[in-house]
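Following: one structure in structure tokens, then a few remarks.
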Amino acid sequence: MGYLCLLLPLFLAATAWSKFVLQPGPFLKLPDRNNRYTVNNGAANKASYDNQENYLYVIGYKADLLHIVNMTDPNTPQLIASKYFQMVNMGLPDSVKVCRGGTNREFLAISFESVGQLEKSHVYLFQLFDSTNYDGPLVNLKAHATVEGFDPRDMGWKRDCSELLVLSEGNPHEVNGIFTDPPATMDILIPSFGNNVDKITVPIIESDLEAANVRYIFQQCEGDGDSTERSSRVQDLEPKAVYVDRNDIAFVVFQDNNAMGTLNMSDPFAKMQYYDLGRKDWSSFGLDGSYDDGGLNLKSRMLQSFYQPRDLDGVYVDGKLWLVTADAGSIRKYSLSSCSFDESSTARNWNQPFADGLTAAEVQQLDSDMNSNAEIGRLSVSKLRQSSDGWDSAFQGYDFVCTYGGRGFSIIDPATMSRVFDSGDDFERYYTSLDATEPQKAIFNAKVGGYSTAQSSQVDRASPEQGPQPSNIAVVQRSA
Ligand SMILES: *[C@@H]1O[C@H](CO)[C@@H](O)[C@H](O)[C@H]1NC(C)=O
Ligand SMILES: *[C@@H]1O[C@H](CO)[C@@H](O)[C@H](O)[C@H]1NC(C)=O
12 MGYLCLLLPL FLAATAWSKF VLQPGPFLKL PDRNNRYTVN NGAANKASYD
62 NQENYLYVIG YKADLLHIVN MTDPNTPQLI ASKYFQMVNM GLPDSVKVCR
112 GGTNREFLAI SFESVGQLEK SHVYLFQLFD STNYDGPLVN LKAHATVEGF
162 DPRDMGWKRD CSELLVLSEG NPHEVNGIFT DPPATMDILI PSFGNNVDKI
212 TVPIIESDLE AANVRYIFQQ CEGDGDSTER SSRVQDLEPK AVYVDRNDIA
262 FVVFQDNNAM GTLNMSDPFA KMQYYDLGRK DWSSFGLDGS YDDGGLNLKS
312 RMLQSFYQPR DLDGVYVDGK LWLVTADAGS IRKYSLSSCS FDESSTARNW
362 NQPFADGLTA AEVQQLDSDM NSNAEIGRLS VSKLRQSSDG WDSAFQGYDF
412 VCTYGGRGFS IIDPATMSRV FDSGDDFERY YTSLDATEPQ KAIFNAKVGG
462 YSTAQSSQVD RASPEQGPQP SNIAVVQRSA
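Under our numbering, residues 12 to 491 are what the sequence shown spells out, in order.
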């Protein structure tokens, strides 16, 4: 997207955590390298904030560029400068992370994916932009290194900027028409003397993933004539985002896999520990599962969903860390000429047997709702035959039916890895409240089409997918 949009759920700390106010923030349109200001021009994919100078570094993957935005006055973000990368030499930027750790330890890290993912990725460490050195990040490269992964998704610095953790998903793709599914990789880059960068590759162990019951989605392509190569849990694992706390513990979310991992970045022999993020039960919350039927139609459902955070952040309250996750949801699908795969189907086309987890009356109700488009017939649900997805192998049927995304955000206590808060159905419920204005209701669960299509023309069309789908989260603390 070529837009930088700030939507602010503001918490009223004086009352309960669960009270929040949605307030659309300012926005800034960003151009692609041909100076076009259009939606989906690939001019803004990821951002990292330098809170010393108040600059926001925004990378655009498809447009192959970096924008530097002045956020000194948060109500009027201003574009200061843009740098265009060279696709052929460097590739396309796919993640960005600022670090300030004292003299000679200040970096703007940007990872680059080679076009077509034919080569491993590179991470470039640039100088930061500051008010006395406008050209710094535009020309001054401090160092660069190659990582083991092909498609970095996020990076996390140790607090003193001595090490950078780079997460690569290893998404399946084709090389010369041949199917390939690289493993997930986590590299730690250590900038040392001069331009040297040392590298440690964090081991990811198949049996650790299995023991922690990490959701295993893609095992093999589905269609006739597709590749018959099997993918391991390590190939299936897809790290999406990382937050590094004050003790240099990295918390990583594996979105599709519905899992979180922790890694002690100070321990060179550390392995990642994995945790299942659990499921949300919709019998006590409302969700809109129907499509384009006039908007707000929230009902509680006999369904579960995977939280599947796309992003996370951390916040300290009285010295204790809490993690906050944006529970977007994600459905694994491939349509390559060598491989087709879809872990989901619409509820209406699901047609799977049930097991003893539901009573006969519950099955009857659920079956009838799943077969009705006015209810949840168009909702995407999992058809994976795994216990994480409700499959009961003893009964050869499903104990429950699972859809995608928490449609909100959660707060997790990292000491126990338990969820202490869930925004429930507040993101959708808000639009049924008197606080919601008519223009806000006009974009309820809307999809974004071309730049000439008004968002209000696609109202309610995201309902059977992941609904509000919060995909990024940042926490700020304000004094009362
Ligand atoms: C950033 O904005 C502030 C005030 O909004 C201004 O004083 C400052 O000069 C700007 N910096 C740059 C580099 O444009
Ligand atoms: C991380 O590892 C270092 C070095 O082994 C150790 O001193 C520290 O206590 C560890 N931190 C945690 C939170 O386990």
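C-beta: ideal position from N, C-alpha, C; glycine also.
Would you check whether ligand 2 has a heavy atom nearer than 7 angstroms to the C-beta of residue i?
| i | result |
| --- | --- |
| aspartate 278 | yes |
| isoleucine 79 | no |
| isoleucine 422 | no |
| isoleucine 199 | no |
| isoleucine 484 | no |
| isoleucine 211 | no |
| asparagine 275 | yes |
| isoleucine 70 | no |
| asparagine 207 | no |
| isoleucine 121 | no |
| asparagine 11 | This structure cannot settle anything about residue 11, because the visible part of the chain is limited to 12 through 491. |
| isoleucine 189 | no |
| isoleucine 342 | no |
| isoleucine 215 | no |
| asparagine 258 | yes |
Any heavy atom of ligand 1 closer than 7 angstroms to the CB of residue i?
| i | result |
| --- | --- |
| asparagine 308 | no |
| glutamine 89 | yes |
| threonine 143 | no |
| aspartate 84 | yes |
By how many angstroms is the C-alpha of residue j removed from the C-alpha of residue i?
| i | j | result |
| --- | --- | --- |
| aspartate 353 | threonine 114 | 49 angstroms |
| glycine 478 | aspartate 299 | 7 angstroms |
| tyrosine 462 | aspartate 471 | 18 angstroms |
| tryptophan 293 | aspartate 267 | 19 angstroms |
| leucine 77 | valine 109 | 13 angstroms |
| glutamine 480 | threonine 212 | 32 angstroms |
| histidine 155 | alanine 120 | 9 angstroms |
| asparagine 151 | valine 107 | 16 angstroms |
| glycine 112 | glycine 325 | 19 angstroms |
| alanine 371 | leucine 67 | 55 angstroms |
| proline 503 | leucine 178 | Residue 503 is absent from the structure shown; the chain starts at 12 and stops at 491. |
| glutamine 230 | tyrosine 285 | 20 angstroms |
| tyrosine 135 | serine 295 | 48 angstroms |
| glutamine 97 | valine 158 | 19 angstroms |
| arginine 290 | arginine 226 | 11 angstroms |
| phenylalanine 204 | tyrosine 442 | 55 angstroms |
| methionine 276 | isoleucine 215 | 15 angstroms |
| glutamine 246 | glycine 181 | 7 angstroms |
| tyrosine 327 | alanine 337 | 18 angstroms |
| aspartate 141 | serine 93 | 14 angstroms |
| glutamate 499 | proline 163 | The structure shown has nothing for residue 499, since the chain only spans 12 to 491. |
| alanine 25 | lysine 210 | For alanine 25, the predicted model reports a pLDDT of 31, less than 50, meaning its position is unreliable; a value from the coordinates is still stated below. Alanine 25 and lysine 210: Cα-Cα distance of roughly 46 angstroms. |
| glutamate 476 | lysine 452 | 18 angstroms |
| alanine 339 | asparagine 81 | 28 angstroms |
| asparagine 493 | arginine 343 | With the chain covering only 12 through 491, there is no way to say anything about residue 493. |
| proline 37 | glycine 71 | 20 angstroms |
| arginine 44 | lysine 169 | 33 angstroms |
| aspartate 192 | serine 132 | 15 angstroms |
| glutamate 240 | isoleucine 260 | 35 angstroms |
| serine 311 | serine 474 | 14 angstroms |
| phenylalanine 161 | leucine 220 | 21 angstroms |
Excluding sequence positions up to five away, which residues of its chain have a Cβ less than 6 angstroms from the Cβ of residue i?
| i | result |
| --- | --- |
| methionine 283 | Gly272, Leu274 |
| proline 364 | Gly408 |
| valine 264 | Lys251, Ala252, Met271, Pro320, Leu323 |
| isoleucine 199 | Glu174, Leu176, Ile211 |
| lysine 57 | Ile70, Ser106, Val107 |
| glutamine 315 | Arg290, Asp292, Phe411, Cys413 |
| isoleucine 201 | Glu174, Asp209 |
Quick one: is the Cβ of residue i within less than 7 angstroms of any heavy atom of ligand 4?
| i | result |
| --- | --- |
| threonine 448 | Ligands displayed in this structure: ligand 1 and ligand 2; ligand 4 is not among them. |
Apart from the five residues just before and just after residue i, which ones in its own chain have a Cβ nearer than 8 angstroms to its Cβ?
| i | result |
| --- | --- |
| aspartate 446 | Val32, Leu33 |
| leucine 369 | Met313, Leu377, Asp410, Phe411 |
| phenylalanine 495 | This structure does not reach residue 495, given that the chain is present from 12 up to 491, and the question cannot be answered. |
| aspartate 436 | Phe296, Gly297, Leu298, Leu309, Arg418, Gly419 |
Using a Cβ-Cβ cut-off of 7 angstroms (strictly less than) and excluding sequence neighbours within five positions of residue i, which residues of its own chain qualify?
| i | result |
| --- | --- |
| glutamine 466 | Ile454, Ala457, Val459 |
| arginine 382 | Just to set this straight, residue 382 is asparagine in the shown sequence, not arginine. Arg359, Gly388. |
| aspartate 237 | Ser349, Cys350, Ser351 |
| asparagine 308 | Asp299, Ser301 |
| alanine 281 | Leu274, Asn275 |
| request: For the region 240-319, list the beta strand (DSSP E) runs that are entirely contained and at least 3 residues long, ordered along the chain. | output: 250-255, 260-265, 270-275, 284-287, 290-292, 315-317
| query | Does the region 407-419 come within contact of the region 386-393, defined as at least 3 CB pairs closer than 8 angstroms? | reply | yes
| In chain order, which continuous runs of the alpha helix (DSSP H) of length 4 or greater are located wholly inside the region 86-161? | 98-101, 147-150
| request: With a floor of 4 residues, list each alpha helix (DSSP H) that falls wholly inside the region 401-456, ordered by position along the chain. | output: 437-440, 449-452
| Within the region 335-409, ranges of the alpha helix (DSSP H) (whole runs, at least 4 residues) | 371-381
| field | Within the region 174-252, ranges of the beta strand (DSSP E) (whole runs, at least 3 residues) | value | 175-179, 184-186, 189-191, 196-202, 208-212
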